[in-house]
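Participant: Before I ask anything, let me first share the structure, which is written out below as C-alpha cells.
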Amino acid sequence: MSWLQLQLAAPAALVAEITDFYLLKALLPSVAVMPLMNLFMSLPSVLLLLGNKHRY
Numbered sequence: 002m003s004w005l006q007l008q009l010a011a012p013a014a015l016v017a018e019i020t021d022f023y024l025l026k027a028l029l030p031s032v033a034v035m036p037l038m039n040l041f042m043s044l045p046s047v048l049l050l051l052g053n054k055h056r057y
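By the numbering used here, the letter at position 43 of the sequence shown is numbered 44, and the numbering carries on one by one without gaps.
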C-alpha cells in the first residue's frame, strides 16, 4: 500500500465504523425492545419459579 492509500484508508474505515455504529444504535432499540419487554414480562414468573424451588 502506498502512503496515499493509507492516508485515505484510515478515514474511510473510520467513517464506515461510525456509520455502522449509528445504524446499530438506530436499529438496536427497535430490535432489543421486544425481547427486553418479553423478558420483563416473564421476570415475575421466573422469580416465582425460583422462589418455589428454593422453598422445597
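Glycine included, C-beta positions come from ideal geometry on N, C-alpha and C.
Quick check on DSSP: helix, strand or coil for serine 46?
Facilitator: Position 45 of the sequence shown, counted from the first residue, corresponds to residue 46. In this structure, serine 46 counts as helix in the three-state DSSP scheme.
Participant: Just how far apart, CA to CA, sit alanine 11 and methionine 35?
Facilitator: To locate residue 11, count along the sequence shown from 1; it is residue 10. To locate residue 35, count along the sequence shown from 1; it is residue 34. Distance between the alpha carbons of alanine 11 and methionine 35: 36 Å.
Participant: Can you look up serine 3 in the DSSP assignment and give me helix, strand or coil?
Facilitator: The residue labelled residue 3 in the question sits at position 2 within the sequence shown. Residue state, collapsed to three classes: coil.
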